[in-house]
Amino acid sequence: SSLDVIYANGGLTSTLGHPFLAYEPRAMGFYTYADWEANMEKIKLSRIGENQVYWFLDSKSDVDAKWEKFVAQKPDIVKILLLDAEHYEKTRASGKAGDKGLSPEVAEYVVRKAHQAGLRVYAHVETTNDFRLGLKIGVDGFAHSPNYGWNGKIEDKPQDDLTLADIKLAAKQKVFITPTANIGRIETTIYADGKEDLQIERFDRVVERQKTLFNLMYKNGVKIIFGSDYYAKTLGVELWYLHENKIFDNRTLLKIAAEDTPQAIFPNRKIGRLKSGYEASFITLADNPLKSFDTVKKVGLRFKQGFFVELSKPKN
Numbered sequence: 016s017s018l019d020v021i022y023a024n025g026g027l028t029s030t031l032g033h034p035f036l037a038y039e040p041r042a043m044g045f046y047t048y049a050d051w052e053a054n055m056e057k058i059k060l061s062r063i064g065e066n067q068v069y070w071f072l073d074s075k076s077d078v079d080a081k082w083e084k085f086v087a088q089k090p091d092i093v094k095i096l097l098l099d100a101e102h103y104e105k106t107r108a109s110g111k112a113g114d115k116g117l118s119p120e121v122a123e124y125v126v127r128k129a130h131q132a133g134l135r136v137y138a139h140v141e142t143t144n145d146f147r148l149g150l151k152i153g154v155d156g157f158a159h160s161p162n163y164g165w166n167g168k169i170e171d172k173p174q175d176d177l178t179l180a181d182i183k184l185a186a187k188q189k190v191f192i193t194p195t196a197n198i199g200r201i202e203t204t205i206y207a208d209g210k211e212d213l214q215i216e217r218f219d220r221v222v223e224r225q226k227t228l229f230n231l232m233y234k235n236g237v238k239i240i241f242g243s244d245y246y247a248k249t250l251g252v253e254l255w256y257l258h259e260n261k262i263f264d265n266r267t268l269l270k271i272a273a274e275d276t277p278q279a280i281f282p283n284r285k286i287g288r289l290k291s292g293y294e295a296s297f298i299t300l301a302d303n304p305l306k307s308f309d310t311v312k313k314v315g316l317r318f319k320q321g322f323f324v325e326l327s328k329p330k331n
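Written out as structure tokens, the structure reads:
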């Protein structure tokens with residue numbers, strides 16, 4: 016009857032780095048960007064969520080000083096933040112909040128300590144070089160594909176994108192990649208007079224790049240898994256984006272969503288297949304989703320570890 020879920024608990028970053036602005040303003044009661052801007056100096060000095068939903072690690076000595084307390088919170092995985100890490104010193108000197116992550120040296124040290132503790136490490140990345148750094152220091156997975164927005168410029172692709180050599184190395188190291196492709200829609204949205212306007216020309220190029228890049232990854236053995244990167248929303252956000260924009264075919268979408276993703280989350284469990292010896296956790300659908308993908312929304316029966324799950328009906 017319980018939810019099957021794992022937690023990273025808090026992001027490991029440098030002082031004022033991402034995800035500081037995702038949590039601290041809300042902990043202070045500031046929920047709009049206007050509130051954030053008006054109270055930024057107060058926010059930067061606040062530390063309500065420190066050592067809980069975010070950890071500031073500016074040096075190896077910081078890691079050593081806080082590591083025991085971090086591990087004591089029993090995270091299931093470790094989430095590190097890499098935001099243009101090769102220019103870490105420049106962004107750190109700016110004093111801005113949210114535009115930085117760990118330095119390359121500290122990130123590598125964290126990965127080493129996490130693996131010694133038997134913990135997997137996933138890295139938030141922004142740039143191609145962040146991705147390459149992640150491979151170099153031995154992360155187990157990536158929370159984004161790099162250049163998901165490529166700075167809002169109308170270009171055929173980012174100036175520096177993943178190469179086939181990068182992709183083959185990722186496959187060789189058996190890392191997992193959560194593309195969060197749907198962010199491409201956000202990154203192509205401009206805001207004027209309070210209205211959202213999707214830049215169609217640029218969005219079409221975003222989708223075309225995603226289709227080429229993700230299929231190249233998949234065909235070369237990279238372990239793609241799905242996640243949405245949205246608060247309070249499910250995997251469906253990413254799944255429908257990929258389906259509607261024909262980035263993967265139905266069979267590939269279903270395999271990644273129903274088999275590869277849960278197996279990546281729970282690598283020590285036999286789940287995601289209808290096969291002898293596997294957990295009897297499955298759903299039934301009204302039709303064949305290979306032919307009509309919409310049928311994934313039409314769930315009939317639900318079973319978890321062999322037990323029938325009956326949803327309670329909403330009260331009028």
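Okay, so the sequence shown: first residue is 16 according to the working numbering, each after it adds one.
All C-beta atoms in this analysis are idealised placements derived from N, C-alpha and C, irrespective of residue type, glycine included.
These numbers come from a predicted model, not from an experiment.
Is Gln-335 near Thr-203, with beta carbons less than 8 angstroms apart? Here the chain covers residues 16 to 331 and nothing more, so residue 335 does not appear.
Does the Cβ-Cβ distance between Ala-132 and Leu-117 come in under 8 angstroms? no
On the CB-based measure, 16 or more other CB atoms within 10 Å of its CB, does Gly-110 come out buried or exposed? exposed
From the DSSP output, in three-state form, read off Thr-106 for me. helix
Counting Cβ pairs closer than 8 angstroms, one from the stretch 128-147 and one from the stretch 80-97, do we hit at least three? yes
Quick one: is Val-293 buried, meaning 16 or more other Cβ sit within 10 Å of its Cβ, or exposed? Note on identity: in this sequence residue 293 is Tyr, with Val being the wrong assignment. The residue in question, Tyr-293, is exposed, as its Cβ has fewer than 16 Cβ neighbours within 10 Å.
What are the start and end residues of each continuous beta strand (DSSP E) run of 3 or more residues lying completely inside the stretch 152-219, in chain order? With a minimum length of 3 residues, the continuous beta strand (DSSP E) runs that stay inside the stretch 152-219 are 204-207 and 210-213.
To the nearest angstrom, how far is it from the Cα of Lys-234 to the Cα of Ala-53? 48 angstroms
Considering only C-alpha positions, which residue in the set Asp-77, Pro-282, Glu-56 and Ala-273 is nearest to Leu-289? When only C-alpha atoms are compared, the closest one is Ala-273.
Is any heavy atom in the ligand ZN found nearer than 7 angstroms to the beta carbon of Ser-29? Only the bare structure without any ligand can be found here, which leaves the ligand ZN out of the picture.
Let me know if Pro-90 comes out buried or exposed under the rule of 16 or more other beta-carbons within 10 Å of its beta-carbon. buried
Just curious, the beta strand (DSSP E) that Val-68 is in, first and last residue? Per DSSP, Val-68 belongs to no beta strand (DSSP E) and is neither H nor E.
Just to confirm before moving on: does the CB-CB distance between Ile-58 and Phe-71 stay below 8 angstroms? Taking 8 angstroms as the cut-off, the beta carbon of Ile-58 is found no closer than this to the beta carbon of Phe-71.
When you compare each of Ile-63, Val-126 and Ala-112 to Thr-30 by their alpha carbons, which one comes out closest? Ala-112
Could you please give the first and the last residue of the uninterrupted beta strand (DSSP E) stretch that includes Val-93? 92-96
Which residue spans inside the stretch 25-63 form an unbroken alpha helix (DSSP H) run of at least 4? Listed in chain order, they are 35-42, 48-53 and 55-60.
Tell me the DSSP secondary structure of Leu-269 in three-state form. DSSP places Leu-269 in the helix class (H, G or I) of the three-state scheme.
Can you tell me which residues form a DSSP beta bridge with Arg-317? Ile-298
So is Pro-34 in contact with chain C if we call contact Cβ pairs under 8 angstroms? Protein chain content of the structure displayed is limited to a single chain, and chain C is not contained in it.
Specify, as a first and last residue, the run of the beta strand (DSSP E) that Arg-135 falls within. In the DSSP assignment, Arg-135 falls within the beta strand (DSSP E) that extends over 135-139.
When you compare only the Cα positions, how much space is there between Glu-83 and Val-93? 14 angstroms
Restricting to Cα atoms, I'd like to know which of Ser-243, Gln-225 and Gly-242 is closest to Phe-263. Gln-225
My understanding is that Ile-240 touches Thr-193, with C-beta atoms under 8 angstroms, so please give their C-beta distance in whole angstroms. 5 angstroms
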